[in-house]
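Residue 4 in my numbering sits at position 1 of the sequence shown; the count goes up by one each step and never skips. Note that the Cβ used here is the ideal one computed from N, Cα and C, for glycine as well. This report refers to the structure that appears directly beneath it.
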Amino acid sequence: MSLEISTSDAAAVERCHQAYLRIREELAKVIVGQQRVIEEVLIAILARGHALLEGVPGLAKTLLVSSLAQATHLSFKRIQFTPDLMPSDVTGTDVIQEDPKTGERGYKFLPGPIFANMILADEINRTPPKTQAAMLEAMQERQVTAGGRVYPLPDPFFVLATQNPLEQEGTYPLPEAQLDRFLLYIKVDYPSAEEEWEIARRVTSGQQGTIEPLMTGEELIEFQKLVTRIPISDQVLGYAWALVRASRPGSDESPDFVTRWVAWGAGPRGLLTLLTCAKARAVLHGRYHATIGDVQAVLKPALRHRIAGNYAAQANNLTSDRLIEMLMEAVPPDAKYEKPSPRAIRDRVQT
């Protein structure tokens with residue numbers, strides 16, 4: 004596959020890289036550290052997907068999302084999910100209104116908070132499955148149906164949902180099939196000692212900065228289209244393909260530990276996620292094609308919710324992240340990967 008890129012696309016890659024650097028500087032006014040989380044969220048946005056952020060309370064997840072919306076000059080809405088939240092509280096509802104001139108009554112759709120460019124779905128695991136399903140359907144279809152009419156959601160449209168791993172009593176964990184709707188599953192960790200010191204100094208002294216908008220929605224859409232045009236070599240595609248196929252227990256390509264400890268592996272959507280996010284990361288860093296390193300950098304957030312350990316893995320404290328690390332050790336990045344021939348596939352089926 005040709006890795007050549009047009010002059011206009013090369014210039015667009017450089018603009019995207021510079022915008023990324025400026026956004027990081029702007030977010031640093033209010034967010035201390037969390038550079039990996041910021042990069043992964045921006046990768047999901049450029050790849051036109053949604054992200055699930057998991058972390059204990061107080062790690063600035065809400066502040067990060069709202070600050071990012073300000074920096075990209077996008078409309079922002081926060082939905083606080085609670086056990087009594089109804090689907091119409093998210094999507095909107097039809098109400099009866101009377102025309103003051105004619106006196107006639109009719110239905111009018113009142114849009115819900117989901118009609119914004121960037122949505123923060125706070126503690127999405129605290130609302131019942133019916134409301135979760137309405138939210139996830141809107142995320143997938145990018146539209147809302149009410150009263151027999153279809154209302155398209157604005158473009159660009161992103162949902163950044165948070166999930167609290169603590170206080171699981173009274174929560175409704177998302178099923179694995181619904182977790183797959185999120186492009187990336189991002190873990191938000193505690194800050195380092197130096198970062199936590201700086202957080203305390205800034206907040207207690209009132210030295211919080213102000214976010215300035217740096218990018219418009221139209222520019223963001225342009226960068227999203229750019230990501231789809233970025234070339235990817237057969238070697239990089241083959242490496243991602245080999246990782247995904249090796250994650251499936253019982254397959255010819257899977258290592259022994261996968262068959263022993265993995266309940267199910269990643270599907271084709273996992274492969275598409277790896278490739279798209281690797282290209283988005285390359286663009287953020289000012290490169291014109293994705294590399295093996297890009298695939299490895301997005302491997303955990305792309306697959307940690309698409310690979311599940313079995314009971315034996317849980318008994319040995321093998322998390323999805325640890326299984327992914329073992330997968331990286333088992334699949335060599337420097338092996339030569341080529342497109343499987345139809346004959347080889349037929350022979351494998353016959354045997």
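Applying the 10 Å Cβ sphere with the 16-neighbour rule, what's the burial state of residue i?
i, result
"Leu187", "buried"
"Ser78", "exposed"
"Trp244", "buried"
"Ile127", "buried"
"Gly253", "exposed"
"Val16", "buried"
"Ser195", "exposed"
"Asp125", "buried"
"Thr130", "buried"
"Arg184", "buried"
"Gln135", "buried"
"Asn120", "buried"
"Arg51", "buried"
"Glu43", "buried"
"Trp264", "buried"
"Ile235", "buried"
"Leu24", "exposed"
"Ala203", "exposed"
"Ile224", "exposed"
"Thr276", "buried"
"Ala318", "exposed"
"Val98", "exposed"
Could you tell me the distance, in whole angstroms, from the CA atom of residue i to the CA atom of residue j?
i, j, result
"Ala13", "Tyr291", "7 Å"
"Gly220", "Ile233", "20 Å"
"Gln100", "Ser91", "18 Å"
"Arg309", "Arg251", "10 Å"
"His20", "Gln37", "19 Å"
"Cys67", "Asp255", "Rather than Cys, the amino acid found at residue 67 in this sequence is Leu. Their backbone Cα atoms lie some 43 Å apart in a straight line."
"Thr10", "Ala266", "47 Å"
"Arg18", "Glu28", "15 Å"
"Leu217", "Ala137", "32 Å"
"Tyr314", "Tyr340", "33 Å"
"Pro60", "Pro168", "9 Å"
"Phe84", "Thr322", "27 Å"
"Arg39", "Asp259", "32 Å"
"Glu222", "Lys104", "42 Å"
"His45", "Asp102", "In the sequence under discussion, the amino acid at residue 45 is Leu, which differs from the His named in the question. Spanning the two alpha carbons is a distance of roughly 45 Å."
"Ile26", "Gly312", "37 Å"
"Ser69", "Leu62", "14 Å"
"Thr96", "Lys80", "17 Å"
"Gln299", "His53", "20 Å"
"Gly106", "Pro114", "23 Å"
"Val93", "Ile82", "7 Å"
"Ser257", "Phe112", "51 Å"
"Pro271", "Pro178", "18 Å"
"Pro116", "His76", "17 Å"
"Leu182", "Ala338", "32 Å"
"Leu88", "Asp158", "25 Å"
"Val352", "Glu201", "Unreliable positioning characterises Val352 in this predicted model, as indicated by a pLDDT of 37, which lies under 50. The coordinate reading is nonetheless provided below. So the two alpha carbons sit approximately 59 Å from each other."
Return the Cβ separation of residue i and residue j in integer angstroms, given the expectation that the two are a contact with Cβ distance under 8 Å.
i, j, result
"Tyr193", "Gly150", "That pair is no contact at about 47 Å."
"Thr165", "Leu56", "5 Å"
"Gln146", "Tyr154", "6 Å"
"Phe161", "Ile48", "6 Å"
"Val230", "Val286", "6 Å"
"Val206", "Lys64", "The Cβ separation is near 16 Å, so there is no contact."
"Leu123", "Ala74", "In fact, because the Cβ distance is near 15 Å, the residues do not count as touching under 8 Å."
"His198", "Val33", "Just to set this straight, residue 198 is Glu in the shown sequence, not His. That belief does not hold up - the Cβ atoms of Glu198 and Val33 are roughly 13 Å apart, past 8 Å."
"Gly209", "Val247", "With 8 Å as the limit, Gly209 and Val247 do not qualify as a contact, their Cβ atoms being about 49 Å apart."
"Leu326", "Ala316", "7 Å"
Within 8 Å of any Cβ in chain B, is that where the Cβ of residue i sits?
i, result
"Ser250", "Here there is only one protein chain, and chain B is not present."
Are the segment 279-286 and the segment 298-316 touching, with three or more C-beta to C-beta distances below 8 Å? Verdict: yes, contact present.
Restricting to runs no shorter than 4 residues, where is the alpha helix (DSSP H) found entirely within the segment 275-316? 295-306
Quick one: which unbroken alpha helix (DSSP H) runs of 4-plus residues sit fully inside the segment 116-194? Chain order, please. 132-144, 179-182
Taking the runs of the alpha helix (DSSP H) that are 4 residues or longer, which of them lie wholly in the segment 42-120? 64-74, 90-94
In chain order, what are the residue ranges of uninterrupted alpha helix (DSSP H) at least 4 long that sit wholly in the segment 232-281? 237-249, 259-264
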